[in-house]
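Novice: If you scroll down you'll find the structure; I have some questions about it.
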Amino acid sequence: MIKHHPTFELLQSFVNGDLPASLAAGIAIHADMCPKCQQQIAQLTEQVAQASFEEVFLDRFIVDESPSNDSIVSFDIDSMVEQITEHNDIAHVSSPKEKTIIFNDKQYQLPKALANMEFGSTSHIGKLSRTRIQLNEDEIRTSLLHIEPGGGVPAHTHKGFELTLLLAGTFHDEHGEYVEGDFIMLDKSHTHHPESPQGCLCYTIANDALHFTQGINRLLNPIGTFIY
Amino acid sequence: MQPYLRSNDANARSNNMLDKLDHAQLCQWLSAVAEQRDKQAFTHLFQFFAPKILRIAQGKFNHSNQANEVVQETMTNVWRKAHLFDQSKGAPTTWVYTVMRNVTFDMLRKVKGNKEDNLSDDIWPLAEMPSSEDASFDDHLESKQLRNVIETLPLEQQQVVKGFYFMEMSQEQLANHLNLPLGTIKSRLRLAIAKLKVKLGEHHD
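Protein chains in written order, with numbering that gives the first Met the number 0: chain A, 0 to 227; chain B, 0 to 204.
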């Protein structure tokens with residue numbers, strides 16, 4: 000059973016499109032495995048869509064108050080419609096590419112959300128292997144982390160934040176046992192020492208310790224100006 | 000449920016005058032766009048959504064060009080992807096919101112200099128992935144890509160190409176099947192192949 004979920008604030012920013020791609024993908028992957036969060040996301044999306052498009056009174060108010068305000072509609076509707084409908088092509092949505100990765104001779108099927116992300120090379124330290132995912136998000140670093148059976152990560156705290164999303168296998172630390180789909184967000188108040196007797200594959204995001212103050216503030220205020 | 004406002008002869012004016020949001024009307028316009036490529040219905044959708052999208056985009060982008068681009072790109076996707084909307088899965092406004100949010104997300108990544116990788120549709124899919132409706136075609140990537148290109152041909156050329164290549168009918172069989180002279184089949188096939196060459200060539204640059 001998945002026990003660790005994104006906070007409500009993270010789900011809300013996810014729905015608003017305000018999170019960096021790394022975190023947005025993490026939440027999408029979790030939601031694919033977690034019906035509860037998926038349902039909450041559906042509800043939030045409906046609400047924000049309503050707020051965006053169904054505020055009819057506000058809409059009329061603005062139209063009535065400033066009937067000649069050109070900045071509200073600064074394009075020529077007819078010509079834009081003409082331009083768009085000139086081509087009759089329908090967009091075809093092909094099923095996403097199946098993307099797999101091999102660690103230690105074992106092949107893993109990766110989640111859809113990662114299908115078009117660019118992967119860097121893999122580095123190894125003992126029983127750990129790490130593949131960087133190149134999203135170019137400044138101090139935020141995203142990786143796939145593979146732990147071979149019997150491996151672990153030495154005890155550490157997080158100067159910024161660290162998200163661990165368990166994609167396959169299991170691991171445990173001082174706080175308990177984790178299963179596939181668990182969305183584990185830690186910050187500097189946590190010390191932990193993960194160990195994986197059976198091995199596991201995780202999607203991880205961490206921000207650079209050097210940018211700690213700024214980074215953590217941004218994460219705690221996701222509705223603010225996280226990525227702008 | 001509140002009664003939907005009737006707007007029978009919906010023209011631009013009555014569109015602006017909708018007092019209550021009419022989901023049924025929006026659904027009908029979306030399906031007219033999807034099924035009949037109905038420009039009039041699209042114009043209604045444009046008039047309803049575009050000003051709202053513009054206002055939201057102006058809050059996210061500093062340059063009015065970029066806000067305009069969000070409108071243009073979102074409405075283009077509505078035109079091209081309306082067939083992905085499934086009203087049993089949610090409200091039309093929710094679907095258009097998803098299209099807009101995805102366009103905005105990809106543009107912001109681009110503007111911020113992250114990457115032009117268009118990840119949004121992988122993170123927030125616009126439709127459940129088609130399952131087995133295209134079972135008659137080989138499923139490997141090459142034919143998928145080819146098929147996407149074929150779908151851009153005029154309908155009568157598509158028929159011939161699909162019959163000839165995917166269902167392996169002969170030109171004579173096609174002529175019988177479509178009730179057309181053999182010469183017409185041959186010339187359509189020739190035209191289609193010339194176009195495919197150009198289009199595939201463009202993709203393989």
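A virtual CB, placed ideally from N, CA and C, is assigned to each residue, including glycine.
1. Sort A:Ser-78, A:His-191, A:His-174, A:Leu-144 by Cα distance to Leu-165 (chain A) and report the nearest one.
2. From the DSSP output, in three-state form, read off Thr-130 (chain A) for me.
3. Taking 7 Å as the cut-off, decide whether the C-beta atoms of Ile-146 (chain A) and Gly-198 (chain A) are in contact.
4. Would Phe-104 (chain B) and Gly-150 (chain A) qualify as a contact pair, given that the criterion is a beta-carbon distance under 7 Å?
5. What are the boundary residues of the beta strand (DSSP E) that includes Lys-105 (chain A)?
6. Grab me the residues of Gln-156 (chain B)'s own chain with a C-beta within less than 7 Å of its C-beta, minus the 5 sequence neighbours each way, in chain order.
7. So for Cys-199 (chain A), helix, strand or coil by DSSP?
8. Taking Met-79 (chain A) as the query, report the chain B residues whose CB atoms sit under 8 Å from its CB, ordered along the chain.
9. Kindly say whether Phe-52 (chain A), judged by its beta-carbon, lies nearer than 7 Å to any beta-carbon of chain B.
10. Can you pull out the residues from the stretch 99–112 of chain B whose beta carbon lies closer than 9 Å to at least one beta carbon of chain A?
11. Taking the Cβ atom as the reference point for each residue, do Ala-20 (chain A) and Leu-200 (chain A) lie within a distance shorter than 7 Å?
12. Give me the subset of the stretch 10–22 of chain A whose CB atoms are less than 7 Å from a CB atom of chain B, sorted by chain position.
13. Return the residues of the stretch 136–149 of chain A that lie within a Cβ-Cβ distance of less than 7 Å from chain B, sorted by chain order.
14. Could you give the C-beta distance for Phe-218 (chain B) and Val-80 (chain A), rounded to a whole number, given that I count them as a contact under 8 Å?
15. With burial defined as no fewer than 16 other Cβ atoms inside 10 Å of the residue's Cβ, what is the status of Asn-38 (chain A): buried or exposed?
16. Run through DSSP, which three-state label would Phe-182 (chain A) get?
17. Since Gly-112 (chain B) sits in a beta bridge, which residues does DSSP pair it with?
18. From Leu-154 (chain B) to Gln-172 (chain B), what does the alpha carbon distance come to, in whole angstroms?
19. Using beta carbons (cut-off 7 Å, strictly below), is His-29 (chain A) in contact with chain B?
20. Considering only residues of the same chain and omitting the five flanking positions on each side of Gly-112 (chain B), which have a CB-CB separation below 8 Å?
21. When Cβ atoms are compared, which residues of the stretch 104–124 of chain A fall closer than 8 Å to chain B?
22. List the residues of chain A that Phe-41 (chain B) touches, going by C-beta distances under 9 Å, in chain order.
23. In chain B, what lies closer than 9 Å to His-174 (chain A) by C-beta?
24. Excluding five sequence neighbours on each side, which residues of the same chain lie with their C-beta closer than 7 Å to the C-beta of Trp-94 (chain B)?
25. What's the gap between the Cα of Ser-70 (chain A) and the Cα of Ser-120 (chain A)?
26. Per DSSP, what are the beta-bridge partners of Leu-165 (chain A) in this structure?
27. So, using beta-carbon positions, are His-82 (chain B) and Ala-23 (chain B) closer together than 7 Å?
28. Classify Asp-77 (chain A) as helix, strand or coil using the three-state DSSP reduction.
29. Reducing DSSP to helix, strand and coil, say where Asn-61 (chain B) ends up.
30. How about Trp-123 (chain B) and Thr-97 (chain B): do their beta carbons lie closer than 7 Å?
31. Quick one: grab the DSSP three-state call for Gly-151 (chain A).
32. Could you tell me how far apart the beta carbons of Val-70 (chain B) and Leu-53 (chain B) are, in whole angstroms, since I believe they sit closer than 8 Å?
33. Taking all protein chains shown into account, do 16 or more other C-beta atoms lie within 10 angstroms of the C-beta of Glu-136 (chain A), making it buried, or fewer, making it exposed?
34. Does Ile-89 (chain A) get closer than 7 Å to chain B when you measure Cβ to Cβ?
35. Residues of the stretch 32–47 of chain A in Cβ contact with chain B at a cutoff of 8 Å, in chain order, please.
Specialist: Result, derived from the coordinates:
1. With distances taken between Cα atoms, Leu-165 (chain A) lies closest to A:Leu-144.
2. The DSSP-derived three-state label of Thr-130 (chain A) is strand.
3. With a cutoff of 7 Å on beta-carbon distance, Ile-146 (chain A) and Gly-198 (chain A) are scored as near each other.
4. If you check the CB distance, Phe-104 (chain B) and Gly-150 (chain A) do not come in under 7 Å.
5. Segment 105–108, the beta strand (DSSP E) holding Lys-105 (chain A).
6. Correct list, in chain order: Arg-187, Leu-190, Ala-191.
7. In this structure, Cys-199 (chain A) counts as strand in the three-state DSSP scheme.
8. Chain B residues near Met-79 (chain A): Phe-45, Ala-49, Val-70, Gln-71, Met-74.
9. Interface residue, yes.
10. Answer in chain order: Met-99, Arg-100, Asn-101, Thr-103, Phe-104, Leu-107, Arg-108, Lys-111, Gly-112.
11. It is not a contact, given that the beta carbons lie outside the stated cut-off.
12. Answer in chain order: Gly-16, Ala-20.
13. Those residues of the stretch 136–149 of chain A that come within reach of chain B (Cβ to Cβ, closer than 7 Å) are Glu-136.
14. The structure shown has nothing for residue 218 (chain B), since chain B only spans 0 to 204.
15. Reading off the sequence, residue 38 (chain A) comes out as Gln, not Asn. By the neighbour-count criterion, in which a residue is buried when 16 or more other Cβ atoms sit within 10 angstroms of its Cβ, Gln-38 (chain A) is exposed.
16. Residue state, collapsed to three classes: strand.
17. DSSP links Gly-112 (chain B) through a beta bridge to no other residue.
18. Spanning the two alpha carbons is a distance of roughly 18 Å.
19. Judged by the 7 Å Cβ criterion, His-29 (chain A) is not in contact with chain B.
20. Taking C-beta separations shorter than 8 Å and ignoring five residues to either side along the sequence, Gly-112 (chain B) has no partners in its chain.
21. Within the stretch 104–124 of chain A, the qualifying residues are Lys-111, Ala-112, Leu-113, Ala-114, Asn-115, Met-116, Glu-117.
22. Neighbours of Phe-41 (chain B) on chain A, chain order: Val-80, Ile-83, Thr-84.
23. Contact annotation for His-174 (chain A) against chain B: no contact, minimum CB-CB distance about 28 Å [criterion: below 9 Å].
24. For Trp-94 (chain B), the CB contacts under 7 Å within the same chain, skipping 5 residues up- and downstream, are Phe-84 in chain order.
25. With a pLDDT of only 47 at Ser-70 (chain A), under the threshold of 50, the placement of this residue in the model should not be trusted; the figure read from the coordinates follows. Going from the Cα of Ser-70 (chain A) to the Cα of Ser-120 (chain A) covers about 48 Å.
26. Looking at the DSSP output, Leu-165 (chain A) sits in a beta bridge with A:Cys-201.
27. For His-82 (chain B) and Ala-23 (chain B), no; Cβs fall outside 7 Å.
28. DSSP places Asp-77 (chain A) in helix when its eight states are reduced to three.
29. Correct three-state label for Asn-61 (chain B): coil.
30. Taking the C-beta atoms as reference points, Thr-97 (chain B) is found nearer than 7 Å to Trp-123 (chain B).
31. DSSP places Gly-151 (chain A) in the strand class (E or B) of the three-state scheme.
32. Their Cβ separation, rounded to whole angstroms, is 5 Å, which keeps Val-70 (chain B) and Leu-53 (chain B) in contact under 8 Å.
33. Its Cβ being crowded by 16 or more others within 10 Å, Glu-136 (chain A) is buried.
34. At least one C-beta of chain B is nearer than 7 Å to the C-beta of Ile-89 (chain A).
35. Residues passing the 8 Å Cβ filter: Ala-41, Thr-44, Glu-45, Val-47.
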